[in-house]
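J.:
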Amino acid sequence: MHGIISLGWFYWDPSREIFRLPIVDRPLGWYGACFVLGFILGYFIILPIFKRKLLETRNLLERDIQDWPLLVKDFKVAQNSPDPWIRSLHLKLSPEAKKQLSQLQFMQEPDSSLKATLLQTLNELKGSRSRIDLETLFPQTIIPLKQLCVSLADRITWFVTVGTLVGARLGEIFFYDWPHYREHPLDMIKIWEGGLASHGGVIGILIAIFLFHRSIKKKFPEFSILTILDCLCIPASLGAFWIRIGNFFNQEIIGTYTTVPWAVVFGHPVYGQPGIPRHPVQLYEAFSYLAIFTILYCLWRFEGKKMREGALVGIFFALTFSARFFLEFFKLPMSHMLDESFLQTGQYLSIPFVILGLILIFYSCRNRKQLQMS
Numbered sequence: 001m002h003g004i005i006s007l008g009w010f011y012w013d014p015s016r017e018i019f020r021l022p023i024v025d026r027p028l029g030w031y032g033a034c035f036v037l038g039f040i041l042g043y044f045i046i047l048p049i050f051k052r053k054l055l056e057t058r059n060l061l062e063r064d065i066q067d068w069p070l071l072v073k074d075f076k077v078a079q080n081s082p083d084p085w086i087r088s089l090h091l092k093l094s095p096e097a098k099k100q101l102s103q104l105q106f107m108q109e110p111d112s113s114l115k116a117t118l119l120q121t122l123n124e125l126k127g128s129r130s131r132i133d134l135e136t137l138f139p140q141t142i143i144p145l146k147q148l149c150v151s152l153a154d155r156i157t158w159f160v161t162v163g164t165l166v167g168a169r170l171g172e173i174f175f176y177d178w179p180h181y182r183e184h185p186l187d188m189i190k191i192w193e194g195g196l197a198s199h200g201g202v203i204g205i206l207i208a209i210f211l212f213h214r215s216i217k218k219k220f221p222e223f224s225i226l227t228i229l230d231c232l233c234i235p236a237s238l239g240a241f242w243i244r245i246g247n248f249f250n251q252e253i254i255g256t257y258t259t260v261p262w263a264v265v266f267g268h269p270v271y272g273q274p275g276i277p278r279h280p281v282q283l284y285e286a287f288s289y290l291a292i293f294t295i296l297y298c299l300w301r302f303e304g305k306k307m308r309e310g311a312l313v314g315i316f317f318a319l320t321f322s323a324r325f326f327l328e329f330f331k332l333p334m335s336h337m338l339d340e341s342f343l344q345t346g347q348y349l350s351i352p353f354v355i356l357g358l359i360l361i362f363y364s365c366r367n368r369k370q371l372q373m374s
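Residue numbering for the sequence shown follows our numbering, starting at 1 and increasing by one per position.
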C-alpha cells in the first residue's frame, strides 16, 4: 500500500486486494471487506433497536410463547405456587377455562380459544411485572426477548443483503452503463468486477423491506413498514460510511481536479487520469454519512420514544440525499445514459429521495400534533 505526501498532496495507490482466498483462489478486496464490515456492525446496532421496540409492546402475544403445553402445565400447578402472583393465574380463569385445562392430556396443545384465554389472563395479571420478570418466572415457556431480536435481525439481514446487492447492481446497469451491458449481457452477473449504484441499492432495500414486512406482519404486528425503516436507517447510514471507505481504497467514484491542501493524487483511479490532485469525495461522503449516523443514533437514543413513526427515516432520506446531491458537484461524471451538462445522474436520482424524506418528516410531525391535540 502506498500513501505518501508529494508536492503538498497525498499520494494514494493501495492494492485493491487484501489477500487471495485459498482453495477458490479469489481475491478479498478492501471494498468487499468494508461492505461486509458495514453489515456486521449494522447487525449488532439493530439488535438493541429491535429490543426497545419489542419492550414497548405491553402485552404478550402468541409469538412470545415457546411451549404451549408447558404453559398449560404452569397454569395447572399455579394454584399451589408460593408466589401469590403466579397462584392468581389459576384463580382468575373462568370455570369453563379451568374445565378445558383439566381435560387436556399431558403435553397436549390447547386450541386457539384456550390459547387466547391463557394469554388474556397472563396479560391481565402482568401488572407491574416486566417482560424480563416473566421470562425469569417462566424460563422455558416464554421466548426470551433476546432470542426474538436475534431472529428478527437474522431475517432482516438476509432480506437487506439480497435487496442491496440486486438493487445496486441493477441500478449500475440501468442508471449508469446500459449501453455496455446491452452489448455484453453476461457482464451483468460479474458483480465481483465492481459496479454497484447506491440509488439502486436503496430501491432494492425498500423492496426488500416490503417483502420482509409481509413475512413478519402476523407475528409482529407492531412493526409497520415505516417502523422497520426507522429501525434500519440507523445501521444503514453506518454501512454507507464503510462502503465509501471501500470506494476510497478502490480509487473509484473519484473527485474533480483541485489544488486544495487536502487533495489526493490517485495512482490508479477508475475512469480517471492518474497523477492529478483531486477532491477525496469518497471521504467527504463517508464522513457525511458518519455524521448522519451519529445524529440518527442520538435522536433514537434520547428522543426515540417521543418521535412518531417515519420521522427517523424521513430525516435519513433528507440528510443523506441532500449531502449526496451537494457532493455530486465534486465528482467526475459517471453515467453514459444522461446528459450531465446541467446536473449529474446521481443528483437527478437524489431529488426524489429528498422529497420523500421531507414528506415523511411532515407526516410524522402532523401525526404527533394530532395525537397531542387528542
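Where is the CB? At the ideal position from N, CA and C, for every residue including glycine. Just so we're clear, the structure is a prediction, and the values are computed from it rather than from any experiment.
1) W12 and P277 - do their beta-carbons sit closer together than 8 Å?
2) DSSP three-state label for V265, please.
3) Look at the Cβ atom of F353, then the Cβ atom of F302, and state whether they are nearer than 8 Å.
4) To the nearest angstrom, how far is the alpha carbon of F342 from that of G272?
5) Please determine, among W85, A116, M107, L101, the residue with the shortest C-alpha to C-alpha distance to I63.
6) Determine the direct distance from the alpha carbon of G32 to that of G246, and round the result to whole angstroms.
7) Can you list, in chain order, the residues of its chain with a C-beta nearer than 8 Å to that of E109? Leave out the 5 residues immediately preceding and following it.
8) In chain order, which continuous runs of the beta strand (DSSP E) of length 3 or greater are located wholly inside the segment 229-284?
9) Of all the options L55, S102, L122, K53, which has the alpha carbon lying nearest to the alpha carbon of R87?
10) Using the rule of at least 16 other Cβ atoms within 10 Å of the residue's Cβ for burial, across every protein chain shown, is R20 buried or exposed?
11) Compare the beta carbon distance of F330 and T256 with 8 Å and say whether it is the shorter of the two.
12) Among the residues of its own chain, which have a CB less than 8 Å from the CB of A168, if the five just before and after it don't count?
13) Can you tell me where the alpha helix (DSSP H) with N17 in it begins and where it stops?
14) With DSSP as the reference, please indicate the residues paired to I142 in a beta bridge.
15) Judging by CA-CA distance, which residue of C231, Y348, M107, V72 is the nearest neighbour of I45?
16) Do you know offhand how far Q251's Cα is from F266's?
17) Within a Cβ cutoff of 7 Å, which residues of the same chain sit near L356, ignoring the five residues on either side of it in sequence?
18) What's the C-alpha gap between S224 and H213?
19) Classify G304 as helix, strand or coil using the three-state DSSP reduction.
20) Take G163 as the anchor and find which of L211, L137, T320 has the nearest alpha-carbon.
21) Under 8 Å by Cβ, that's how I've got F293 and I361 pegged, so tell me the actual separation to the nearest angstrom.
22) Any idea what DSSP makes of L104, helix, strand or coil?
23) Report all residues from its chain with a CB closer than 7 Å to the CB of L229; omit the five preceding and five following residues, and keep chain order.
24) Please classify D269 as buried or exposed, where buried requires at least 16 other C-beta atoms within 10 Å of its C-beta.
T.: Taking the structure as given:
1) As a first step, residue 277 must be located in the sequence shown, where it is residue number 277. As a first step, residue 12 must be located in the sequence shown, where it is residue number 12. For P277 and W12, no; Cβs fall outside 8 Å.
2) Position 265 of the sequence shown holds residue 265. Of the three classes helix, strand and coil, the one that applies to V265 here is strand, per DSSP.
3) In the sequence shown, residue 353 corresponds to position 353, counting from 1. In the sequence shown, residue 302 corresponds to position 302, counting from 1. Not closer than 8 Å, so no.
4) Counting from 1 along the sequence shown, the entry for residue 342 is found at position 342. Counting from 1 along the sequence shown, the entry for residue 272 is found at position 272. About 20 Å.
5) One-based indexing of the sequence shown puts residue 63 at position 63. Just to set this straight, residue 63 is Arg in the shown sequence, not Ile. Cα-wise, what sits closest to R63 is A116.
6) Position 246 of the sequence shown, counted from the first residue, corresponds to residue 246. Position 32 of the sequence shown, counted from the first residue, corresponds to residue 32. C-alpha separation (whole angstroms): 7 Å.
7) Mapped onto the sequence shown, residue 109 falls at position 109. Once the five neighbours on either side are set aside, the close Cβ partners of E109 are W68, P69.
8) 264-266
9) The residue you call residue 87 lines up with position 87 of the sequence shown. Here the closest residue by C-alpha is L122.
10) Residue mapping note: residue 20 aligns to position 20 of the sequence shown, counting from 1. Burial call: exposed.
11) In the sequence shown, counting from the first residue as 1, residue 330 sits at position 330. In the sequence shown, counting from the first residue as 1, residue 256 sits at position 256. Going by C-beta atoms, F330 is nearer than 8 Å to T256.
12) By one-based count along the sequence shown, residue 168 stands at place 168. L196, A197, S198, G200, G201, G204, listed in sequence order.
13) Looking up residue 17 in the sequence shown gives position 17. What sits at residue 17 in the sequence shown is Glu, not Asn. That residue, E17, is in no alpha helix (DSSP H); its beta strand (DSSP E) goes 17-21.
14) In the sequence shown, residue 142 corresponds to position 142, counting from 1. Paired residue(s): I65.
15) For this step, residue 45 is matched to residue 45 along the sequence shown. It is C231 whose Cα lies nearest to the Cα of I45.
16) Walking along the sequence shown from the start, residue 251 turns up at place 251. Walking along the sequence shown from the start, residue 266 turns up at place 266. In a straight line, the C-alpha of Q251 is about 7 Å away from that of F266.
17) By one-based count along the sequence shown, residue 356 stands at place 356. In the same chain as L356, and ignoring 5 residues on each side of it, the C-beta atoms closer than 7 Å to its own belong to F317, in chain order.
18) Residue 224 sits at position 224 when you count from the first residue of the sequence shown. Residue 213 sits at position 213 when you count from the first residue of the sequence shown. Annotation: S224 to H213 spans about 7 Å, alpha carbon to alpha carbon.
19) Translated into positions along the sequence shown, residue 304 becomes position 304. If DSSP states are grouped into helix, strand and coil, G304 belongs with coil.
20) Along the sequence shown, read from residue 1 onward, the residue named residue 163 stands at position 163. Here the closest residue by C-alpha is L211.
21) To locate residue 293, count along the sequence shown from 1; it is residue 293. To locate residue 361, count along the sequence shown from 1; it is residue 361. So it is not a contact: roughly 18 Å between Cβ atoms.
22) For the purposes of this step, residue 104 is identified with residue 104 of the sequence shown, where counting begins at 1. Note: L104 maps to coil in three-state DSSP.
23) Translated into positions along the sequence shown, residue 229 becomes position 229. Here the set comprises I209, V313.
24) By 1-based counting over the sequence shown, the position of residue 269 is 269. The displayed chain sequence assigns Pro, not Asp, to residue 269. When all chains shown are included, P269 counts as buried.
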